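Number of protein chains: 2
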Amino acid sequence: MSDPNERLSKLAATFRDLEAYVQQEKVRVIHFGVGAIGAEVVRALLNNPEFEIVGAIDASAAKAGKDLGDAAGIGHTLGIPVAYDPESLLKDTYADVVVHCTGSSLTEVYPQLMSIVAAEKSIISSCEELAFPWVRFPEISQKLDRRAKETGVRVLGTGVNPGFVMDMLPMMMATASQQVKSVRIERILDVTTRRIQLQRKAGVGLSVSGFQQAATAGAVGHVGLRESALMIADSFGWRMDDVSETLEPVIARERRKNEYFAVEKGYVLGLRQAARGLVSGQEAVRLDLEMSLGANDPHDLVEINGSPPIRAVIQGGIQGDAATAAIIVNCLPAIARSRLTGLLSMRELPAIPYFRPRSQQREEE
Amino acid sequence: MSDPNERLSKLAATFRDLEAYVQQEKVRVIHFGVGAIGAEVVRALLNNPEFEIVGAIDASAAKAGKDLGDAAGIGHTLGIPVAYDPESLLKDTYADVVVHCTGSSLTEVYPQLMSIVAAEKSIISSCEELAFPWVRFPEISQKLDRRAKETGVRVLGTGVNPGFVMDMLPMMMATASQQVKSVRIERILDVTTRRIQLQRKAGVGLSVSGFQQAATAGAVGHVGLRESALMIADSFGWRMDDVSETLEPVIARERRKNEYFAVEKGYVLGLRQAARGLVSGQEAVRLDLEMSLGANDPHDLVEINGSPPIRAVIQGGIQGDAATAAIIVNCLPAIARSRLTGLLSMRELPAIPYFRPRSQQREEE
Numbered sequence: 004m005s006d007p008n009e010r011l012s013k014l015a016a017t018f019r020d021l022e023a024y025v026q027q028e029k030v031r032v033i034h035f036g037v038g039a040i041g042a043e044v045v046r047a048l049l050n051n052p053e054f055e056i057v058g059a060i061d062a063s064a065a066k067a068g069k070d071l072g073d074a075a076g077i078g079h080t081l082g083i084p085v086a087y088d089p090e091s092l093l094k095d096t097y098a099d100v101v102v103h104c105t106g107s108s109l110t111e112v113y114p115q116l117m118s119i120v121a122a123e124k125s126i127i128s129s130c131e132e133l134a135f136p137w138v139r140f141p142e143i144s145q146k147l148d149r150r151a152k153e154t155g156v157r158v159l160g161t162g163v164n165p166g167f168v169m170d171m172l173p174m175m176m177a178t179a180s181q182q183v184k185s186v187r188i189e190r191i192l193d194v195t196t197r198r199i200q201l202q203r204k205a206g207v208g209l210s211v212s213g214f215q216q217a218a219t220a221g222a223v224g225h226v227g228l229r230e231s232a233l234m235i236a237d238s239f240g241w242r243m244d245d246v247s248e249t250l251e252p253v254i255a256r257e258r259r260k261n262e263y264f265a266v267e268k269g270y271v272l273g274l275r276q277a278a279r280g281l282v283s284g285q286e287a288v289r290l291d292l293e294m295s296l297g298a299n300d301p302h303d304l305v306e307i308n309g310s311p312p313i314r315a316v317i318q319g320g321i322q323g324d325a326a327t328a329a330i331i332v333n334c335l336p337a338i339a340r341s342r343l344t345g346l347l348s349m350r351e352l353p354a355i356p357y358f359r360p361r362s363q364q365r366e367e368e
Numbered sequence: 004m005s006d007p008n009e010r011l012s013k014l015a016a017t018f019r020d021l022e023a024y025v026q027q028e029k030v031r032v033i034h035f036g037v038g039a040i041g042a043e044v045v046r047a048l049l050n051n052p053e054f055e056i057v058g059a060i061d062a063s064a065a066k067a068g069k070d071l072g073d074a075a076g077i078g079h080t081l082g083i084p085v086a087y088d089p090e091s092l093l094k095d096t097y098a099d100v101v102v103h104c105t106g107s108s109l110t111e112v113y114p115q116l117m118s119i120v121a122a123e124k125s126i127i128s129s130c131e132e133l134a135f136p137w138v139r140f141p142e143i144s145q146k147l148d149r150r151a152k153e154t155g156v157r158v159l160g161t162g163v164n165p166g167f168v169m170d171m172l173p174m175m176m177a178t179a180s181q182q183v184k185s186v187r188i189e190r191i192l193d194v195t196t197r198r199i200q201l202q203r204k205a206g207v208g209l210s211v212s213g214f215q216q217a218a219t220a221g222a223v224g225h226v227g228l229r230e231s232a233l234m235i236a237d238s239f240g241w242r243m244d245d246v247s248e249t250l251e252p253v254i255a256r257e258r259r260k261n262e263y264f265a266v267e268k269g270y271v272l273g274l275r276q277a278a279r280g281l282v283s284g285q286e287a288v289r290l291d292l293e294m295s296l297g298a299n300d301p302h303d304l305v306e307i308n309g310s311p312p313i314r315a316v317i318q319g320g321i322q323g324d325a326a327t328a329a330i331i332v333n334c335l336p337a338i339a340r341s342r343l344t345g346l347l348s349m350r351e352l353p354a355i356p357y358f359r360p361r362s363q364q365r366e367e368e
């Protein structure tokens, strides 16, 4: 080690490493909410060297205080404690983006979102009602947008649905069509092997009257069809007269069971939900969703009624939880780097949100 | 008309009209090249009140001097003469974007592109080799990019393929997947009722040796597979070892005829073309294209080998010419309004290029 040349060369190597490290510019992520989706996102983040988890938050007694690796069921610890109190962690941690996976209801998660934005962190959230909140929640949307602009950050709600299969995917495909008169999307999910939360959300195992009660209470039903319909209409510049939604049970014709349920004949296998948007009295947007035990021919279908017409079928359908985690992770680079501020939706992101140009020259001009 | 109130109210109405007109901000388009694709784009532009064709250019004796409506086979005149000399028209016409549909070869159309850029107009071109020119034509790409930045305009090559089915569509779909290991796209076209130029490009009616000669001369074969493979690899951050291309004839097993050809048994029904891109010795991109008379089961197939895997089939396949026209027209608003300058590709456009926010507030901040 006394050879000056050797020391110089070691020093140079260190600087090269340092330079490489700085050039990497990892996206620093705080993870908020370690439920089923949250845990899936944690796994996805760990798979990608572009991201670094620098903090974690979960308010539930079952998760708070644990190591994030244990809380998310990774199989090993990560050296990241799950904090109970968001305020102090958000304030004291240097991070670019908070991945937020705590709930579907915008009014419920709104205080969390505001405290993140106040701490000058951008947000990607799996909150379904945040995917396109402007029409249904104008006041909350304006407040979030204004506060995010003040603190110079971005807020995005996304996921597989709403956020992709029943809105962004058809809108992106419609780039190859013109004079589009209507759009139809169908998503048929067999929930047999899916997580129990999703099966319960679909009403599996309930009696018909139990399904109706749970639907009225909002405990059964998919959140997001209205958001998707509104985003599609707005993107095509359509002024919709109305969006009507229906929700009905899929009834078992024979006994059927899986790991979590044994459904008697006449009881509920799941749900069939639809949204219809009219423009000048004509059906312009039609979204059909079925989530049920043993659903026949699971698939996603996109139909663009334009010139040319486009009809695409995704065989088996896009796997929900894995896709939601992928979408969140793929949008992280765009949210971390964008020059926009405020409340965004998927359509304001670049076409390939995960694409990271080697030279950022264009953006910096 | 002597009632001052009435006159005032008429004046106010006029101002409202004027304001509405100004707010419309029509995109002013010069149309360059009135071949089969060009004529399709003209029809698409006329269908959309957002655009205004303010000039037309075609160097061929059959088109120049005619009215654009006649040259494009619209069925009526448009009051727009087709100019022979691009230079003076480009210089003297106030326009935002030139829609350029004159050829597939970038080296051939390069002088046209440079003169458009010099006239401070943005370009959307159907030139296949312009869709992702950086790797194969680095010098031309740099010159176009530099000149476009100097004059503050944008240059984009796009169309159904390359530009959409075999590159942008799978890359956009991959937003819902992660850890993507490979991408496969298959496009099977039955050219029976397609325009004769496409059938000749596919080699329909040739003998096998005629096909080989025409392929060697570049008269037969689809242009763009390599561009698509390179764009995909670059977007995923893959360093490809190599892209290999193959081109072979589809041979008739029995006599088959259509409007333009009677193909004897043993002669050529069309082409089968493929591109394979290797990353670290593994096949990461695989593109298969068949264009032939009576091709079995025409479709587009997209396979994303990631987590989750995605497999989408577009039944019948996206109709080429109509889709190319739609894509060009749908990208016009983004190209007219973008704040970027230089040589772009589809992936630098917004996810929904045809979407025009009612308030441009965000962009202007």
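Chains A and C, in that order, give the protein sequences.
With our numbering, the residue at position 20 of the first sequence is 23, and numbering never jumps.
With our numbering, the residue at position 306 of the second sequence is 309, and numbering never jumps.
Backbone N, C-alpha and C define an ideal beta-carbon position, used for all residues, glycine too.
Bear in mind that the values here come from a model prediction, so they are computed numbers and not experimental data.
May I ask which residues mark the beginning and end of the beta strand (DSSP E) holding D291/A?
Position 288 of the first sequence, counted from the first residue, corresponds to residue 291/A. Unbroken beta strand (DSSP E) run through D291/A: 285-295.
Are the CB atoms of V194/C and G206/C nearer to each other than 7 Å?
Taking the first residue of the second sequence as position 1, residue 194/C is located at position 191. Taking the first residue of the second sequence as position 1, residue 206/C is located at position 203. No.
Does the beta-carbon distance from A122/A to K94/A come in below 7 Å?
Here residue 122/A is taken as the residue at index 119 of the first sequence, counted from 1. Here residue 94/A is taken as the residue at index 91 of the first sequence, counted from 1. A contact, by the Cβ cut-off of 7 Å.
Given this structure, state the Cα-to-Cα distance separating S247/C from R229/C, to the nearest angstrom.
Taking the first residue of the second sequence as 1, we reach residue 247/C at position 244. Taking the first residue of the second sequence as 1, we reach residue 229/C at position 226. Roughly 8 Å between the two C-alpha positions.
With F140/A and L172/A assumed to form a contact (beta carbons below 8 Å), what rounded beta-carbon distance in angstroms separates them?
The count along the first sequence starts at 1 and reaches residue 140/A at position 137. The count along the first sequence starts at 1 and reaches residue 172/A at position 169. With a Cβ gap of about 24 Å, F140/A and L172/A do not count as contacting.
Who pairs with S128/C in a beta bridge, going by DSSP?
Along the second sequence, read from residue 1 onward, the residue named residue 128/C stands at position 125. Per DSSP, H103/C, G160/C.
Given 8 Å as the limit, is there contact between the stretch 149-165 of chain C and the stretch 253-267 of chain C, that is, 3 or more CB pairs closer than that?
no
Leaving out five residues on either side along the sequence, give the residues of the same chain with a beta carbon under 7 Å from the beta carbon of G319/A.
Here residue 319/A corresponds to residue number 316 of the first sequence, with the count starting at 1. Within the same chain, G319/A has close Cβ partners P301, H302.
If we cut at 7 Å on Cβ distances, does M294/C have a partner in chain A?
Locating residue 294/C in the second sequence gives position 291, counting from the first residue. No - not a single Cβ of chain A is within 7 Å of the one on M294/C.
What's the gap between the Cα of A339/A and the Cα of I313/A?
As a first step, residue 339/A must be located in the first sequence, where it is residue number 336. As a first step, residue 313/A must be located in the first sequence, where it is residue number 310. Cα to Cα, the separation comes out at about 34 Å.
Give, in chain order, every unbroken run of the beta strand (DSSP E) that is at least 3 residues long and sits entirely within the stretch 19-79 of chain A.
30-35, 54-60
Determine the direct distance from the alpha carbon of H103/C to that of S348/C, and round the result to whole angstroms.
Residue mapping note: residue 348/C aligns to position 345 of the second sequence, counting from 1. Residue mapping note: residue 103/C aligns to position 100 of the second sequence, counting from 1. Approximately 15 Å between the Cα atoms of the pair.
Taking the alpha-carbon of T178/A as reference, which of N333/C, S341/C, T344/C, A59/C has the nearest alpha-carbon?
Position 175 of the first sequence, counted from the start, is the residue given in the question as residue 178/A. For T178/A, the nearest C-alpha among the options comes from N333/C.
Taking contact to mean 3 or more Cβ pairs, one atom from each stretch, closer than 8 Å, check whether the stretch 185-194 of chain C and the stretch 351-360 of chain C are in contact.
no
Indicate whether at least one CB of chain A lies closer than 7 Å to the CB of N333/C.
Position 330 of the second sequence, counting from 1, holds the residue named residue 333/C. At least one chain A Cβ lies under 7 Å of N333/C.
Taking Cβ to Cβ, would you say A134/C is nearer than 7 Å to G106/C?
By 1-based counting over the second sequence, the position of residue 134/C is 131. By 1-based counting over the second sequence, the position of residue 106/C is 103. Not in contact: A134/C and G106/C (Cβ atoms no closer than 7 Å).
Assign E111/C to one of three DSSP states: helix, strand, or coil.
Indexing the second sequence from 1 puts residue 111/C at position 108. Helix.
Return the Cβ separation of V37/A and D61/A in integer angstroms, given the expectation that the two are a contact with Cβ distance under 8 Å.
Stepping through the first sequence from its first residue, residue 37/A is reached at position 34. Stepping through the first sequence from its first residue, residue 61/A is reached at position 58. 5 Å between Cβ atoms; contact.
Residues in its own chain within less than 7 Å of Y24/C by CB, not counting five upstream and five downstream?
Against the second sequence, residue 24/C aligns to sequence position 21. With a pLDDT of 46 at Y24/C, under the threshold of 50, the predicted position of this residue should be treated as unreliable, though the coordinate-derived value follows. For Y24/C, where only same-chain residues beyond five positions count, there are no Cβ hits under 7 Å.
Keeping to the same chain, check which residues put their C-beta closer than 7 Å to that of L233/C; ignore five residues upstream and five downstream.
Here residue 233/C refers to the residue found at position 230 when the second sequence is read from its first residue. Closer than 7 Å at Cβ, skipping near neighbours: F135, V138, V246.
Count the other CB atoms, across all protein chains shown, that sit within 10 Å of the CB of T327/A; report buried if there are 16 or more and exposed otherwise.
By 1-based counting over the first sequence, the position of residue 327/A is 324. Answer is buried; the Cβ neighbour count reaches 16.
Give the residues of chain A in contact with R359/C, contact being defined as C-beta atoms less than 8 Å apart.
On the second sequence, position 356 is the one that residue 359/C refers to. Within chain A, the residues near R359/C are G240.
When we look at the beta-carbon of R157/C and count the other beta-carbons within 10 Å, is it buried (16 or more) or exposed?
Start at 1 with the first residue of the second sequence, and residue 157/C comes out as number 154. Answer is buried; the Cβ neighbour count reaches 16.
If I measure Cβ to Cβ from E286/A and keep anything under 7 Å in the same chain, skipping five residues before and after, which residues do I get?
One-based indexing of the first sequence puts residue 286/A at position 283. Contacts found: S185, R279.
Could you work out which residues of chain A lie near L352/C, taking near to mean beta carbons separated by less than 7 Å?
Locating residue 352/C in the second sequence gives position 349, where the first residue counts as 1. Correct list: A354.
Just the C-alpha distance for F214/A and V183/A, rounded to the nearest angstrom, thanks.
Looking up residue 214/A in the first sequence gives position 211. Looking up residue 183/A in the first sequence gives position 180. Answer to the nearest angstrom: the Cα atoms are 37 Å apart.
Check this for me: beta carbons of P165/A and S238/A, under 7 Å apart or not?
Within the first sequence, residue 165/A is the residue found at index 162, counting from 1. Within the first sequence, residue 238/A is the residue found at index 235, counting from 1. No. Outside cutoff.
I want to see whether chain A comes within less than 7 Å of V2/C, judged by CB atoms only; does it?
Here chain C covers residues 4 to 368 and nothing more, so residue 2/C does not appear.
Hey, how far is the Cα of L49/C from the Cα of E43/C?
One-based indexing of the second sequence puts residue 49/C at position 46. One-based indexing of the second sequence puts residue 43/C at position 40. One C-alpha to the other measures close to 10 Å.
Is S180/A close to chain C, meaning its C-beta is less than 7 Å from at least one C-beta of that chain?
The residue you call residue 180/A lines up with position 177 of the first sequence. Chain C, which has a Cβ nearer than 7 Å to the Cβ of S180/A, makes this yes.
Less than 8 Å between C-beta atoms, sequence neighbours within five positions excluded: which residues of the same chain meet that for R289/A?
In the first sequence, counting from the first residue as 1, residue 289/A sits at position 286. So the qualifying residues of the chain are S185, V186, R187, I188, A277, A278, R279, G280.
Integer-rounded CB distance, given that E53/C should sit under 8 Å from K29/C
By one-based count along the second sequence, residue 29/C stands at place 26. By one-based count along the second sequence, residue 53/C stands at place 50. 6 Å between Cβ atoms; contact.
Assigned secondary structure, L133/A (DSSP; H/G/I helix, E/B strand, else coil)
Looking up residue 133/A in the first sequence gives position 130. In the structure shown, L133/A sits in a helix (DSSP, three-state: H, G or I).
Enclosing beta strand (DSSP E) for V308/C [first to last residue]:
Along the second sequence, one-based indexing puts residue 308/C at 305. Sequence inspection shows Asn at residue 308/C; the Val mentioned does not correspond to that position. 302-310 is the extent of the beta strand (DSSP E) around N308/C.
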